[in-house]
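Here the sequence shown is numbered in the working numbering, starting from 5 and rising by one per residue.
Every residue gets a Cβ at the ideal spot worked out from N, C-alpha and C, and that includes glycine.
The structure appears right after this line, and notes come after that.
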Amino acid sequence: MSAGIGNETGDPFIRSPRQASQIFGLEGARAPRQKNLFVVNFRKAGDTTSTGISDGTWNKDLGFLVKSVDRPSVDPKVEELNQYNKKRQVNTGYKIGTTRITVYDTADSMAMRMWAEYSKYYFGDFRHATQAATDWGYDVTLRTFQD
5 MSAGIGNETG DPFIRSPRQA SQIFGLEGAR APRQKNLFVV NFRKAGDTTS TGISDGTWNK
65 DLGFLVKSVD RPSVDPKVEE LNQYNKKRQV NTGYKIGTTR ITVYDTADSM AMRMWAEYSK
125 YYFGDFRHAT QAATDWGYDV TLRTFQD
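This is the structure we're talking about:
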């Protein structure tokens, strides 16, 4: 048992730190997890390459290490009605609050690239670096008032 201390079957469970690349791999697919740390995979809905947005690499079998997740709050909308001198509360709807996700960002800024691509899809390119269909323009004010 030169590879490490093992169990009855001979599989080592204490290994040398020099073997980390063989044990966990170089892509981080089998990265060790710590307590209260879990992996979240984000998936794109639909094809975004036709809208002028580059197909990023953040969604190809990549999970972000999440520090914490706060569940959204649900606030019911209740209206109080007076029905024959008896007060009744009627549910008229609900409002879902925000969800907060805190992720670890890595040296290659993969989480930041995901949010940059998300904002480019929904809000366009504010720097006008590309003239894509999703780019926004100054359509409210003109230099001259003549169309």
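Limits of the unbroken beta strand (DSSP E) element including residue i
i             : result
arginine 104  : 104 to 107
tyrosine 122  : Not the beta strand (DSSP E): tyrosine 122 falls in the alpha helix (DSSP H), residues 114 to 127.
asparagine 95 : 90 to 100
Exposure label - residue i; buried when at least 16 CB within 10 Å
i              : result
methionine 118 : buried
lysine 91      : exposed
alanine 155    : The structure shown has nothing for residue 155, since the chain only spans 5 to 151.
lysine 124     : buried
alanine 111    : exposed
valine 44      : exposed
valine 107     : buried
Residue i, DSSP secondary structure in three states
i          : result
serine 77  : coil
serine 20  : coil
glycine 56 : Caution is warranted here: a pLDDT of 45 is assigned to glycine 56, below 50, making its placement in the model unreliable, and no coordinate value can be reported.
is_contact[residue i, chain D] using C-beta, thresh 9 angstroms
i           : result
arginine 75 : Of the protein chains in the structure, only one exists, and it is not chain D.
Cutoff 6 angstroms; reference residue i; Cβ partners in own chain excluding five residues on either side
i            : result
aspartate 79 : Lys99
valine 73    : Ile105
Check: residue i C-beta below 8 angstroms from any heavy atom of the ligand HEM
i            : result
glutamine 87 : Among the ligands in the structure shown, none appear at all, so the ligand HEM cannot be discussed.
Cβ-based neighbour list, residue i, same chain, cut-off 8 angstroms, excluding 5 preceding and 5 following
i         : result
lysine 81 : Asn95, Thr96, Gly97, Tyr98 and Lys99
Residues of its chain near residue i, where Cβ-Cβ distance is below 7 angstroms and the 5 sequence neighbours each way are ignored
i          : result
leucine 85 : Arg92 and Val94
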